[in-house]
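Residue numbers (the numbering used here): 314 to 526.
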């Protein structure tokens, strides 16, 4: 019975991995866009962006997921998005807002003197950011980013709210057959995956150790 259970859980874990990977693909660059908006010198844009981030960070991801999936149909009589698409949209927006605050904290932590030194050398703002600031920012945000990414692995379980057959749902389905151990077994998949991510981020942080202070 162990092998059939494992195969069924792997089927659910594949959906978990899809949600995880696609969320990162869209949320990491989107978070940078949101960050620039929240740091903009154009006050209306800055206020609008920060207000949006405040709303997204202040409400549950589960609620956002339900609104994005059911909202268009209930409010505007529009056809519902495919379930996976709605999941990725909700997750990407949510995590982009969290990432944007991490980015903003990292950028603002760079001493002003480094920007001024770049200007003295005749560098443009873009050159200063990409050649002087960016790698230092990556070093400083790696720890909080890794924490958020590991949290994302666990948050993927929320996708079952709109019918995504992820690993928790796969494990829970065995309860109807009188078996609860497959549900606990799902924890092994999470632990192994998160353990691998932890090792990966640890190695990346060591690679970035040449930026100190």
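Each residue gets a CB set at the ideal place from its N, CA and C atoms; glycine is no exception.
Please classify residue 433: does DSSP put it in a helix, a strand, or coil?
-> Helix, per DSSP.
Whole-angstrom distance between residue 469 and residue 388, CA atom to CA atom | 26 Å
Pull up the distance between the alpha-carbon of residue 363 and that of residue 356, whole angstroms please.
-> Roughly 10 Å between the two C-alpha positions.
Tell me the start and end of each unbroken alpha helix (DSSP H) in the stretch 458 to 509 that is at least 4 residues and wholly inside, in chain order.
-> 480 to 485
Distance, residue 499 Cα to residue 397 Cα = 21 Å
Where does residue 392 land, buried or exposed, given buried means 16+ other C-beta within 10 angstroms?
-> exposed
Looking at the structure shown, is residue 393 part of a helix, part of a strand, or coil, going by DSSP?
-> coil
In three-state terms, what does DSSP make of residue 511?
-> helix
So, residue 347 versus residue 404, is the Cβ gap smaller than 9 Å?
-> no
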